[in-house]
Amino acid sequence: MIAAEQPHLLLPQGEPQAGGRRSGRPQYLEVRNLRVVFDGFTAVDGVNLDVTQGDLRFLIGPNGAGKTTIIDAMTGLVPATGSVNHTGIEILGRKVHQIAKLGVGRTFQTASVFENLSVLQNLDIAAGARRRPLELLRRGRGTDPAVDEALEIIGLERLASKQAGTLAHGQKQWLEIGMLLVQNSELLLLDEPIAGMSQDERAQTGELLRRIGANRITLVIEHDMDFVREYATSVTVLAAGKVLSEGSVAQVQADPRVQEVYLGTTPAKGH
Amino acid sequence: MELLIGQMFAGLSLGSVLLLAALGLSLTFGQMGVINMAHGEFIMAGAYTAFVVQQTLGSAGASLLVSLPAAFLVGGTMGLILEELLLKRMYHRPLDTLLVTFGVSLILQQVARDIFGAPSVDVRVPAWLQGNVELLGAPIPLTRLFILALALTCLAALALLLKATPLGRRIRAVVVNRDLAESSGISSRRTDQLTFFVGSGLAGIAGVAVTLIGSTSPYLGPNYIVDAFLVVVAGGIGQIKGAAIAAFALGVLQSVFEFSTTASIGKVLILAAIVIFLQVRPQGIFTLKTRSLA
Amino acid sequence: AVLAGCGSQIADPAAAGQPSGGTDSCVDTSGDSIKIGFLNSLSGTMAISETTVFDSLTLAAEEINADGGVLGKQLEVISEDGASEPTKFAERAGKLIQQDCTAAVFGGWTSSSRKAMLPVFESNNALLFYPVQYEGLESSENIFYTGATTNQQIIPALDYLAEQGTKTIFLVGSDYVFPRTANKIINAYAEAHGMEIVGEEYTPLGSTEFSTIVNKVRDSGADAVFNTLNGDSNVAFFRQYTSVGLTPDTMPVVSVSIAEEEVPGIGLENIEGQLTAWDYYQTLDTPANTAFVSAFKDKYGADRVTSDPMEAAYTSLYLWKEMVEKAGSFDVDKVQDAADGVSFEAPEGTVTVNGENNHITKTPRIGKITSDGLIETVWEAPEAVEPDPYLENYDWASGLS
Amino acid sequence: MSTDTVRSTTGGFAARLSSVRQSRAGVLAGFAAAAVLLLVAAPALLPVFSLGLFGKFLCFAIVAVGIGLAWGRGGMLTLGQGVFFGLGAYIMAMHMKLADAALFGGSGVPDFMALYGTGTVPGWWEPFRSPVVTVLAVVLVPGLVALVLGLAIFKRRVKGAYFAILSQALAAAFAVLLIGQQATTGGSNGLSGFRSFFGFDLADPANKRMLYLLTAVVLLLVVAAARQLMHSRFGELLVAVRDQEERVRFLGYDPATVKTVVYVLAAVMAGVAGALFVPLVGIISPADVGVTPSIAFLIGVAIGGRSTVLGPVLGALGVAIAQTSLASSFPSFWVYFQGLLFVLVIGFLPGGLASLPAVLGRLRRKRNDDGGAARESGPPTSAPPVPPAVPPAPAVSAVASPLATVPAAKELRP
Amino acid sequence: MLEIKDLKAGYGRTEVLHGVSVTVPDDAVASVLGHNGAGKSTLLRAVVGIIKPTAGSILFNGEDIAGLRPHQRVARGLAYVPQGQQSFGPLTTLENLRLVADGRKRGKALVDEALDMFPALKPLLARRAGLLSGGQRQQLAIARALITEPTLLILDEPTEGIQPNVVAEIEQTIMNLASRSGMRVLLVEQHIGFALRAADTYYVLAAGRVSSSGRGGASAAETVRTAMLI
Ligand SMILES: Nc1ncnc2c1ncn2[C@@H]1O[C@H](COP(=O)(O)OP(=O)(O)OP(=O)(O)O)[C@@H](O)[C@H]1O
Ligand SMILES: Nc1ncnc2c1ncn2[C@@H]1O[C@H](COP(=O)(O)OP(=O)(O)OP(=O)(O)O)[C@@H](O)[C@H]1O
Ligand SMILES: NC(N)=O
Ligand SMILES: [Mg+2]
Ligand SMILES: [Mg+2]
């Protein structure tokens, strides 16, 4: 669909790999002693996390372990203590929109798009946060090439002018990923991005993550272990607000504590 | 001293009137999200109910007691009709309900004028509420005491209804998610109707109360509506106890401001106080936290 | 085109703003009828009061027509709604003058409606008859004031209180021009007459919360209260006044804006025995009044009452008739010239137009609210009082204007 | 605009995104026609009195354009535009009072101050002696007040019904404040009795015509600006903020800024309208700025179609004309009529008259499949509140496109 | 038990289901599979009554329920767990459960039984549902549905967002209920494994039509995969 002469803006070459790709000076995410307390209940309890550019890090753990809360804290939605360092910049304590401007993008566990705008307009707005004020006042004439490309990548070209509110659950999730792409986020925080997708759609999404993750810092929350096995380059297991285990997929799967609290003693094979 | 006590009581008493006017709103606005500008006219309907009952029964004492349930029914029924004819199709556009019900309030004022005439009518205060008791030398009007007691009773009844009864749970559930409530086996229509009936019925009761201290005229509603909404907003939407605290706080504050400045400046100061307060607590005294965008 | 549209700049301030040749009257006097305008609030908060004025104006017009009209021409009434908004009054006045070409306009109630209309009548050189007691300090060539000015209502009321031995007064009023100006005058009067004003409080129009004010009043221990509250606030005020145990005996209230039609709404038990100050009451025993009251009740029902503004409005139409017939013309300038000295046997007694200030002579009366809900005269001026809108004849008032 | 995008499946995204362009010529033609009507035909045909009246209606239309932006597009139900209208109007009125006093009075003190006040001009009036300061203040004061209020309110995420009620209370307080300061604001009388406008004699019909033309030009400019804004990326952003304010933050925008910008714009429009209103009508009083007039501003907007460009203008004019012609002949009927308008239009035609063709079309289609009863409780929560707007018939689309709607806001429940 | 015939339904002008027929026999569990946007959720919404079908019939125990409102269908034995972990946010976990238990004879006992089935909810009873994690909310939603003692349980992707060992438990719970209490299940599920293990009958939905159907069981997996690839 993309014309050959069009450069790929959003998709880098190469694949993510464990520990990240360390060519040049890589970007990184460094979380130190992150703590979130709600009315006396500690949801995130001193979490440390290191993710490097090019790594596809999965965050797994029991329901209520605090995974979403970590993302909430990193994007400024809930107050937290500790430190979250994105390639040298402390992002904790800033406002939501400032954090987004620093290149941190996220999706939501319940897909959330602008229901009254078309798919195309959703992407156009996502692409526009960095536009100068005057540019905002002009009509959205010629679309961003990045928007065109994102539309193609997420496979919604045919629905470009459809109202986003009428998309199916999974389509909205793709749209959200597309919005992250055009937003040019360097740090992607994805909360269960494949929930509600069919097997082959999961595979497509996985491939997509692999492609876009190669030059980004990517943190994915997911419960589908088949998917984790297939696409994770490294995994962090969270339980009761603390990091329980960290390593490659094989390593954490073999960890008896992970089996006990999360996988089940007899890991369900491909449920 | 005498004056101080008088003023303290004036504040409480003003608060109790505000609370009565706002209680129903904290149901229909706070729980259901309907911004019912005709609530003031439901109060007016309650006041005229007291008038009609008094004309029919003659005795002011008995008629006051009959008026309370009667006005509850009248206000409630008007609310039901409004809900059925208009609001039921508007639950997903709360701001629009404000304008629609503003239209309804215009119509109801004119209807009242056409039925009862423009001048205010006389609802007599029963003999047992005339006069006052002395508290350390300050006269405490019996009518005001009655209204205070009435407001507290309604408050307790409503709080109990919401917190401790199945209907209360339903009311709170339906407003969050009608489809989910329906498919959980709850008749959202029935619940909406009941909620609106009770909320509007409370306006009727407030109407009876205000006949004891003010005028009963077609233009009674607008006197209360803005203040009543402010109470609900300052209290935190959907928060009965917030509304109660806000009502009494505003009542006392207003009587302090009014005492130390003038009634007009007092009104402006009250508003300034609310705006400043919302800077500190944008969602009112009590808020329900919810997570992220869920 | 836009530049060409520019009109005159003001070079000579003295000449500007005066009706120029361009605003020639368009009043049509050729037929056997003549148009007049009634401009009252038929909707909005003031409709309560102003519809009663409209009713009595209508009665007067019918009577005049039945009696052969004015200069032989039948009155053709064009009625407009001021909707209780000053802006609306200004706009509708413009319509009645410029579009309907009426020979005179009758109506207005609040001071703000009058102030809004004044420039319209002046710049079009048209006539307004304004029938309500007001705060004075005004006189316009183009307005005839048939309600009381302050020296025909407020000052007599103060004189009466002084005569009763009142030393301290508490002032309560609605927050608008009439009460505030009236109270300024009262303050000056008090100072000159050794009375003390122990409190002065205003509430927004329509306010129904009087706990604080009533507490202050009671605490002040004043000899009397001077009440310039308007409309429904009176109901709330008197209910709350009695509920803290204040009575006409302990602390009488003199009201200047409560007329016969307001008494039932306040509730007799709350106001019986309190005082009012007006120039007319329904209970007046004059032949003209007997005729007026019975004509009014015949037309509108036996349960209706008549009041001072209604009487002043009724009178205003007759006064205009007298002026026109004296001038022999509907022309505004000629009517103005003829106005001085025109008199009419009004229900309140004989009234005479003062051509100096376009007000009329009136007889101040203090009334007491009786057990049948009407107002009986307890004191009246020995003779009609000349209007003195600027209080020029009162030394103590010299600082006021 | 999303409406006509639906059909063009070819032609690249650019064309789709700015599909409104296709009707550009039509829009220009329409604009020109409106200009001729307002600037040439009306002054030629209407007598001076009616022209002045019409000028006043145009002032309401200017306010309406701002409300259309703030409410229709931005979802901010502002029940307090009377405040900004009043600020503009009072500033202009103060200047005219001072100018008149200097020209005619000699003393330089406005007449009412001598009557009710101290007989001296208070300090805060003084700046408005200057025509330049006045003109600037008419724009800046409402804008600044809106800026401060907007930041205070929106930064703290006060929105939806909270905002509506707060703005209404502001209007009430503003009126009470004006009434209370009789010595310096004229109290309930307001300010009136003006004779000159920047040195032009107000009694001269030629000057009245000029004032009217000025108002008409301002309206045309305001409409053009609003249209540009709505069709810009900012316009889309505004809709996004309206529908899902929280989500917008995560894209790196601060919704409070977006909302404040529009709120300020609407306030400036109201202020300018107020300033034009005063010389046209000859009076400004608290009764023109309180709760009731503020809500009255909304009715035309709702009737015309709140989220369109022209809807608010036509609605405001239509209501004003209807009121003038009906209210005086049938005062109590008018109250019913006005109430019913609110009820019927907002209850049953939330898109206003602009959406009438689409709604009728939908009704026609619906007639065949009218059965069952299951959907009484409204659309599923995930659905947009108003069914997606229907593309107008091709023949109409060029003409109707300025009225094309973005479906009404999905207002977040408080 | 449930017989859906030639059902057409959609949103506004867009038709999503173009004549779908699906049957849940009296003694069986039926699974519906299909891609994103195929119309699975739409089908369930029509069965529950949240949207109104434009054509076709829905027979439940022989009665056409197409004209009934959702709560009336629930009263006849339907229960529904929608997609997306929905719950009543401002109500506490316990209130969420009591809400559906209200007015039932065994209300109190039913709440206890549900809590035994989802022990993870026990420490959360006083927390408002809006504050729960996604997986916690989903368990709450299923518990709520079970309290109505349905004869037909309708589940829209019930294991979405739930940790693996709990998924296994839920799967077990549902299958136990189906076999022991005679409750029937209509299941929309993306995990082909679970969907087929549980199902006696399966349907594949593609673009609003049934593209294939047959007997469930692990052996059907290959057929279904191929059917879904087209
Ligand atoms: N605002 C809040 N107040 C109180 N408790 C909260 C709040 N937000 C989250 N929690 C609690 O914090 C814990 C962590 O929640 P979180 O959503 O981060 O879990 P999660 O790991 O994302 O789970 P899941 O996999 O089910 O989505 C949960 O027990 C939840 O109930
Ligand atoms: N509320 C709605 N308004 C309009 N169209 C909708 C709405 N909900 C869904 N649709 C459309 O209906 C089609 C089917 O949606 P549905 O939700 O039934 O799919 P699904 O099979 O459940 O997909 P998923 O696996 O993603 O949940 C989709 O194309 C979607 O765009
Ligand atoms: N003139 C008066 N009473 O306002
Ligand atoms: Mg989560
Ligand atoms: Mg689905």
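Residue numbers (our numbering), protein chains in the order written: chain A, 115 to 385; chain R, 74 to 367; chain E, 26 to 426; chain C, 81 to 494; chain B, 1417 to 1646.
Built from N, CA and C at the ideal position, the CB exists for glycine as well.
Just so we're clear, the structure is a prediction, and the values are computed from it rather than from any experiment.
Asked	Found
So if I threshold CB-CB distances at 8 Å, which residues from the stretch 358-378 of chain C count as touching chain R?	V371, I375 and L378
Which first and last residues belong to the alpha helix (DSSP H) in which E:G366 is found?	Here E:G366 belongs to no alpha helix (DSSP H), and DSSP marks it neither H nor E.
According to DSSP, is A:N199 helix, strand or coil?	strand
What residue from R:I313, R:E75 and R:G84 has the CA that sits closest to R:A230's CA?	R:I313
With distance defined between alpha-carbon atoms, name the residue in C:A124, C:W205 and C:F192 nearest to E:E160.	C:F192
Quick check on the burial criterion: 16 or more other C-beta atoms within 10 angstroms. Buried or exposed for E:S396?	exposed
Would you call the stretch 248-258 of chain R and the stretch 1482-1492 of chain B touching, i.e. three or more CB-CB distances under 8 Å?	yes
Could you tell me how far apart the beta carbons of C:F208 and C:A217 are, in whole angstroms, since I believe they sit closer than 8 Å?	7 Å
If you follow the alpha helix (DSSP H) that E:I180 is in, where does it begin and where does it stop?	I179 to E188
For chain R, find out if any of its Cβ atoms is closer than 7 Å to the Cβ of B:H1451; answer yes or no.	no
Would you kindly check if the distance between the Cβ of E:F263 and the Cβ of E:I296 is under 7 Å?	yes
Where does E:S104 sit, in a helix, a strand or coil, going by DSSP?	strand
Taking the continuous beta strand (DSSP E) assigned at B:P1440, which residues delimit it?	In the sequence as displayed, the identity of residue 1440 of chain B is Val instead of Pro. It spans T1430 to V1440 - the beta strand (DSSP E) in which B:V1440 sits, taken as one unbroken run.
Note down, in chain order, each residue of its chain lying with its Cβ closer than 7 Å to the Cβ of C:A473, except the 5 sequence neighbours on either side.	In this prediction, C:A473 scores a pLDDT of 32, lower than 50, which makes its location untrustworthy; the coordinate-derived value is nonetheless stated afterwards. Same-chain partners within the cutoff: there are none.
Could you please give the first and the last residue of the uninterrupted beta strand (DSSP E) stretch that includes E:W404?	I400 to E405
Please list, in chain order, all residues of the same chain as B:L1556 whose beta carbon is under 7 Å from its beta carbon, the five residues on each side excluded.	S1503, T1509, N1512, L1537, A1545 and L1548
Taking C-beta pairs closer than 7 Å, name the residues in chain R that C:P430 reaches, listed in chain order.	R166 and D169
May I ask you to verify whether the stretch 1561-1580 of chain B touches the stretch 1593-1603 of chain B, counting CB pairs closer than 8 Å and requiring at least 3?	yes
With a cut-off of 7 Å, does the C-beta of C:Q403 fall near any C-beta of chain A?	no
I'd like to know if E:A261 contacts chain R, where contact means its C-beta is closer than 7 Å to some C-beta of that chain.	yes
Could you name the residues of the same chain whose beta carbon sits closer than 7 Å to that of E:K351, not counting the 5 residues immediately before and after it, in chain order?	A363 and V367
Leaving out five residues on either side along the sequence, give the residues of the same chain with a beta carbon under 7 Å from the beta carbon of R:E114.	S178, L181, Q182 and G294
Who are the neighbours of B:E1576 on chain A, taking C-beta pairs under 7 Å?	A309 and G310
Which bits of chain C does R:S337 rub up against, with CB to CB less than 8 Å?	V256, L257, I259 and G260
Can you tell me where the beta strand (DSSP E) with E:L196 in it begins and where it stops?	T193 to S199
Which chain C residues sit within Cβ distance under 8 Å of R:M163?	G427
Measuring alpha carbon to alpha carbon, tell me which of R:P167, R:G152, R:G309 and R:Y292 ends up nearest R:V184.	R:Y292
Give a single yes or no on whether A:T319 has its beta carbon closer than 6 Å to a heavy atom of ligand 2.	no
When the cut-off is 7 Å and only beta carbons count, does B:G1505 lie next to chain A?	no
Report all residues for which the CB-ligand distance to some heavy atom of ligand 3 is below 5 Å; order them along the chain.	E:T135, E:S136, E:V157, E:Y159 and E:F203
Which residues in the same chain have their Cβ closer than 6 Å to the Cβ of B:G1455, if we skip the five residues on either side of it in sequence?	V1432, L1433, L1621 and G1624
Closer than 7 Å is what we want: which residues have a beta carbon that near any heavy atom of ligand 5? List them in chain order.	A:A282, A:H283, A:G310, B:K1456, B:S1457, B:Q1499, B:D1572, B:E1573 and B:V1604
Roughly how many angstroms separate the alpha carbons of R:R251 and R:S328, rounded to a whole number?	42 Å
Compare the C-beta of C:L317 against all C-beta atoms of chain A and say whether one is closer than 7 Å.	yes
For C:A105, which residues of its own chain have a beta-carbon under 6 Å away from its beta-carbon, when the five flanking residues on both sides are left out?	none
Between B:Q1606 and ligand 4, is there a pair consisting of the residue's CB and a ligand heavy atom that are separated by less than 6 Å?	no
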